[in-house]
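What follows is a short report on a single structure.
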């Protein structure tokens, strides 16, 4: 791949001036614009399947959560625990990783990693919806060059609003809904001269769909910037506080005549279990235009996340109390200078991340811990990605990252603590793992209507701390790094009122990380494969009516070993979305409707594919809204036809037909109103 990329670029540089000397000025506009402080990809990676969800689409969506908004995008699947209250406990999975989807989908906020080195995944309920300017989605593993570890299924970058260039304003909003939900949200932005600031905060409470399903969530985001022609400086702070009840699963076992999905769908198996989380995130950075076309960005940050949970089930108690601290330093530069007359964009830099986890595990939070885990992980990465317009109609991109990760893990074991009698101490680990990522992509505009694109890439995922700690006996700190190789090709169509994109891909993985129900620990699997098709389109039927739709075929299978040919659990082969947006009466009345289909999928732990399937379901959400002067309102119904469904279940590894399911709510309502100043 490296030789091919080098020869291609060398040939393009040698032949380019002769091929398009007269068109150089027009070609300079072919490269996508880039907002360096919010994203390293600009409008997307050349050759990849990219899409954007705008702030207007987020505001008009009838979906109740950010995860549900993302789930309408082809290639993205979700599954929920705890009744899915406000999206808490909902995992987002790009391109079919099932239970480990959260660890294989890299989530960023303003171009900075939000995905941590633990298994908790990113809690999108901690981000106020009104603070989001747009969501950039890059499918596939090409984002690994720019962002590193965990970008195997793809990258989701959430870009938040700032007050730069905006008049001073404020907004207040309130919501009430099913299960005694309520939310209050406030936001404000102001600017004077080179200074600008913005603040977003919200508070959410709900009793939840099930017993012991209450949620209390508090979030705040603040941004301060100084912007002049030569550069800028910025400071961003966010904080969140969450308490959620954990009702547990509903048991289904026909052999003993139990089906709690029918007899007690809203009950709780663990009526006293709970989880608490508090977090704070600080980012400080500056940009500088050193010469014409070259910008340097230097930023760093620190993120602290404290979590505790406790559960008692059938007399067995388990508790976890942990603090995860992540510090980062990520200097880089962006060059938009021609190379031998060819328009070029280079993004290159250095990433340093240092994460430390201190976790106590035992019976109850009030008891002495059985295990005191200490895991320190540091990664050092350098990367270079370049896009060259080799012809007025053709862009070529290539890039590489070299990264080294060091891990040190220790377990202080107390056999005398409650629950420690039959446990053992985990073996210490000190390990250094060098890895690399590659990307090569091309886009060619056949004419004003059709654009073809394609790419090949390599990426990697280092085992996270929860996978190393696991739940088995003994603890298996020493796991191999997962790697993947992708190939993808597609076409984009822009024809009058129609805009569409379709791509096909294949992804081969080695040493994929997954939980094994046989050993009750995380293991490296035999080689696996994903292949699929993703398609989406929008059509503006009239000036006031817009249609949207999309589908994905995702086939995730084991390609070697005892489960060869079997489906990877928790991945639906077929998913699809259809919707309509109608400006019924100017801005005073708008109507938005979205229907989402999720096909059947294998239950978690069912690598042998012998247990029942999680049934397919179709959800229809509708929203009416409007704005009159400074006042706005909306009324939304989720799951309009009251579908009784669940999207996550864990199968028994020993009893055929027995499984634990997590039921989701039926029809729910939300009424919102507010005003701007």
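Numbering (the working numbering), first residue to last: 523 to 1199.
Built from N, CA and C at the ideal position, the CB exists for glycine as well.
*Continuous beta strand (DSSP E) assignments of at least 3 residues falling wholly in the segment 721-789*: 737-750, 753-767, 772-775
*Would you identify the three-state DSSP class for residue 852, choosing helix, strand or coil?*
Start at 1 with the first residue of the chain shown, and residue 852 comes out as number 330. Residue 852 falls in the coil class under three-state DSSP.
*Please name the residue in 728, 722, 689, 656 whose C-alpha comes closest to that of residue 703.*
Taking the first residue of the chain shown as position 1, residue 703 is located at position 181. For the residues 728, 722, 689, 656, the minimum Cα distance to residue 703 belongs to 728.
_Three Cβ pairs or more, each shorter than 8 Å: is that satisfied between the segment 660-676 and the segment 620-630?_
yes
*Any idea if residue 692 is buried or exposed, counting beta-carbon neighbours within 10 angstroms, 16 or more meaning buried?*
The residue labelled residue 692 in the question sits at position 170 within the chain shown. Its Cβ having fewer than 16 others within 10 Å, residue 692 is exposed.
*Under a Cβ-count criterion, where at least 16 other Cβ atoms within 10 Å of its own Cβ denotes burial, should residue 717 be classed as buried or exposed?*
Locating residue 717 in the chain shown gives position 195, where the first residue counts as 1. Exposed: under 16 other Cβ atoms inside 10 Å.
_Given residue 688 as reference, the closest of 711, 672, 669 once Cα atoms are compared_ = Translated into the one-based positions of the chain shown, residue 688 becomes position 166. The residue with the shortest Cα to Cα distance from residue 688 is 711.
*asked:* Using 7 Å as the threshold, is the C-beta distance between residue 1019 and residue 1062 below it?
replied: For this step, residue 1019 is matched to residue 497 along the chain shown. For this step, residue 1062 is matched to residue 540 along the chain shown. Taking 7 Å as the Cβ cut-off, residue 1019 and residue 1062 qualify as a contacting pair.
*asked:* The beta strand (DSSP E) that contains residue 1169, what's its start and end?
replied: Position 647 of the chain shown, counted from the start, is the residue given in the question as residue 1169. Run containing residue 1169: 1168-1173, per the beta strand (DSSP E) assignment.
*asked:* Suppose you measure from the CA of residue 975 to the CA of residue 1009; what does that come to, to the nearest Å?
replied: Position 453 of the chain shown, counted from the start, is the residue given in the question as residue 975. Position 487 of the chain shown, counted from the start, is the residue given in the question as residue 1009. Using only the alpha carbons, I get a separation of about 11 Å.
*Measure the Cβ-Cβ separation of residue 603 and residue 597 and say whether it is below 7 Å.*
What you label residue 603 is simply residue 81 of the chain shown in a count that begins at 1. What you label residue 597 is simply residue 75 of the chain shown in a count that begins at 1. For residue 603 and residue 597, no; Cβs fall outside 7 Å.
_CA-to-CA distance, residue 606 to residue 709, given in whole angstroms_ = For this step, residue 709 is matched to residue 187 along the chain shown. For this step, residue 606 is matched to residue 84 along the chain shown. Straight-line Cα distance between these residues: approximately 26 Å.
_Collapsed DSSP secondary structure at residue 976 in the structure displayed_ = Mapped onto the chain shown, residue 976 falls at position 454. Here residue 976 sits in strand by DSSP.
*Rounded to a whole number of angstroms, what is the C-alpha to C-alpha distance between residue 577 and residue 682?*
If you number the chain shown from 1, residue 577 lands on position 55. If you number the chain shown from 1, residue 682 lands on position 160. Rounded to whole angstroms, residue 577 to residue 682 spans 10 Å at the Cα level.
*Closest to residue 796 by CA distance: which of 1000, 734, 1011 is it?*
Numbered from its first residue, the chain shown carries residue 796 at position 274. Of 1000, 734, 1011, the residue nearest in Cα terms is 734.
_Considering only their Cβ atoms, is the gap separating residue 1101 from residue 1116 smaller than 7 Å?_
Counting from one through the chain shown, the residue named residue 1116 turns up at place 594. Counting from one through the chain shown, the residue named residue 1101 turns up at place 579. It is a contact, given that the beta carbons lie within the stated cut-off.
_In whole angstroms, give me the CA-to-CA distance for residue 668 and residue 950._
On the chain shown, residue 668 is found 146 positions in, with the first residue counted as 1. On the chain shown, residue 950 is found 428 positions in, with the first residue counted as 1. Each residue's Cα considered, the two are about 32 Å apart.
*Taking DSSP as the reference, what is the three-state secondary structure of residue 667?*
Translated into the one-based positions of the chain shown, residue 667 becomes position 145. Helix at residue 667.
*What is the residue span of the beta strand (DSSP E) that residue 657 lies within?*
Numbered from its first residue, the chain shown carries residue 657 at position 135. Residues 654-661.
_Taking the straight line between their C-alpha atoms, what separation do you get for residue 875 and residue 932?_
Within the chain shown, numbered from 1, the residue matching residue 875 stands at position 353. Within the chain shown, numbered from 1, the residue matching residue 932 stands at position 410. Using only the alpha carbons, I get a separation of about 20 Å.
*Starting from the C-beta of residue 839, find all residues in its chain whose C-beta is less than 6 Å away, skip the five residues before and the five after it, and write them out in chain order.*
For the purposes of this step, residue 839 is taken as the residue at position 317 of the chain shown. 885, 886, listed in sequence order.
*Answer yes or no: do residue 646 and residue 589 have a C-beta to C-beta separation smaller than 7 Å?*
By 1-based counting over the chain shown, the position of residue 646 is 124. By 1-based counting over the chain shown, the position of residue 589 is 67. Cβ atoms of residue 646 and residue 589: closer than 7 Å.
_Terminal residues of the beta strand (DSSP E) in which residue 1100 lies_ = For this step, residue 1100 is matched to residue 578 along the chain shown. Per DSSP, residue 1100 belongs to the beta strand (DSSP E) from 1096-1109.
*Going by beta carbon distance, what residues of the same chain come within less than 6 Å of residue 929, once the five residues before and after it are set aside?*
Counting from one through the chain shown, the residue named residue 929 turns up at place 407. Excluding residues within five positions, the ones whose Cβ falls inside 6 Å are 899, 953.
*Report back the beta-carbon spacing between residue 1083 and residue 1048 to the nearest angstrom; my notes put them in contact at under 8 Å.*
Position 561 of the chain shown, counting from 1, holds the residue named residue 1083. Position 526 of the chain shown, counting from 1, holds the residue named residue 1048. At roughly 3 Å, the Cβ-Cβ gap stays under 8 Å, so residue 1083 and residue 1048 are in contact.
_So within the segment 808-881, which uninterrupted beta strand (DSSP E) runs reach at least 3 residues, ignoring any that extend past its ends?_
816-835, 838-851, 854-857
*Expressed to the nearest angstrom, what Euclidean distance is found between the alpha-carbon atoms of residue 1172 and residue 845?*
Mapped onto the chain shown, residue 1172 falls at position 650. Mapped onto the chain shown, residue 845 falls at position 323. Distance between the alpha carbons of residue 1172 and residue 845: 28 Å.
*In DSSP terms, what residue 900 is bridged to*: To locate residue 900, count along the chain shown from 1; it is residue 378. Bridge partners of residue 900: 876, 928.
*So, helix, strand or coil for residue 1186, using DSSP?*
Indexing the chain shown from 1 puts residue 1186 at position 664. Correct three-state label for residue 1186: coil.
*From which residue to which residue does the alpha helix (DSSP H) around residue 625 run?*
Taking the first residue of the chain shown as 1, we reach residue 625 at position 103. Counting along the chain, the alpha helix (DSSP H) containing residue 625 begins and ends at 623-626.
*Could you check how far apart the C-beta atoms of residue 801 and residue 762 are, in whole angstroms? I think they sit under 8 Å.*
As a working mapping, residue 801 is identified with position 279 in the chain shown. As a working mapping, residue 762 is identified with position 240 in the chain shown. With a Cβ gap of about 5 Å, residue 801 and residue 762 count as contacting.
*Nearest-angstrom Cβ-Cβ length linking residue 934 and residue 894, presumed shorter than 8 Å*: Along the chain shown, read from residue 1 onward, the residue named residue 934 stands at position 412. Along the chain shown, read from residue 1 onward, the residue named residue 894 stands at position 372. About 4 Å; that satisfies the 8 Å criterion.
*Contact check, residue 1051 vs residue 1095, beta carbons under 7 Å*: Here the question's residue 1051 lines up with position 529 in the chain shown. Here the question's residue 1095 lines up with position 573 in the chain shown. No. Outside cutoff.
*Can you pull the DSSP bridge partners for residue 890?*
Position 368 of the chain shown holds residue 890. Partner(s): none; residue 890 has no beta bridge.
*DSSP state of residue 544 mapped onto helix, strand, coil*: For this step, residue 544 is matched to residue 22 along the chain shown. Note on residue 544: pLDDT 33, under 50, position unreliable in the model; the coordinate value appears next. Note: residue 544 maps to coil in three-state DSSP.
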